[in-house]
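J.:
Numbering (the working numbering), first residue to last: 98 to 254.
(1) Would you kindly check if the distance between the Cβ of residue 164 and the Cβ of residue 142 is under 8 Å?
(2) I need the DSSP call for residue 103, collapsed to helix, strand or coil.
(3) With a threshold of 6 Å on Cβ separation, who are the neighbours of residue 239 within its own chain once the five nearest residues in sequence on each side are excluded?
(4) Looking at the secondary structure, which residues open and close the beta strand (DSSP E) in which residue 200 lies?
(5) Quick one: using the 10 Å Cβ neighbour count with 16 as the cut-off for buried, is residue 105 buried or exposed?
(6) Spell out the partners DSSP gives residue 208 in its beta bridges.
(7) Does residue 181 come out as helix, strand or coil in the three-state DSSP assignment?
(8) Considering only their Cβ atoms, is the gap separating residue 183 from residue 225 smaller than 8 Å?
(9) Do residue 228 and residue 203 have their C-beta atoms closer together than 8 Å?
(10) My assumption, with CB atoms under 8 Å, is that residue 180 sits in contact with residue 209. Please give the rounded CB distance.
(11) In the DSSP assignment, what residue or residues form a beta bridge with residue 117?
Written out as structure tokens, the structure reads:
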């Protein structure tokens, strides 16, 4: 089978975000790049998360998540938030719990706090639609995108 479509998808451009979530006293963060605004009224965003991610279960249990926009000067977050131990991911970073309880990274460009309104499983990733309940900008800076690093995420696990 010709997988030329994979090469094309590898050229798609996405922003890089740290998706954070919390359930009870637990919290986690993961890199997310399949993120999009899907409505203005009401304000909705969509994020795709693989079911084997620890955050997937936490989003379903808590019904909430936050998106933190990664600035270009924080490209080291890519490795940090791909690590297995949730508590170590935030060590040494300036962060606080948002109004919805999810971690907000104070060195990010900005954040959105979201309530889960819909969950779909159309393929190997779940689609979470969140209603934006709060947001804020910390700085006016250039975001990290898939153009800025090697290896576009195509969703294979």
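Quick reminder that beta carbons are idealized off the backbone N, C-alpha and C, glycines included.
T.: Reading off the structure:
(1) Yes, the pair counts as a contact, with Cβ atoms nearer than the cut-off.
(2) Residue state, collapsed to three classes: helix.
(3) 169, listed in sequence order.
(4) Unbroken beta strand (DSSP E) run through residue 200: 200–202.
(5) Exposed is the call here.
(6) DSSP, once it has assigned bridges, lists 165 and 233 as partnering residue 208.
(7) Residue 181 falls in the coil class under three-state DSSP.
(8) No, they are not a contact pair.
(9) Result no, Cβ atoms of residue 228 and residue 203 do not sit closer than 8 Å.
(10) With 8 Å as the limit, residue 180 and residue 209 do not qualify as a contact, their Cβ atoms being about 23 Å apart.
(11) According to DSSP, which records beta bridges pairwise, residue 117 is partnered with 126 and 163.
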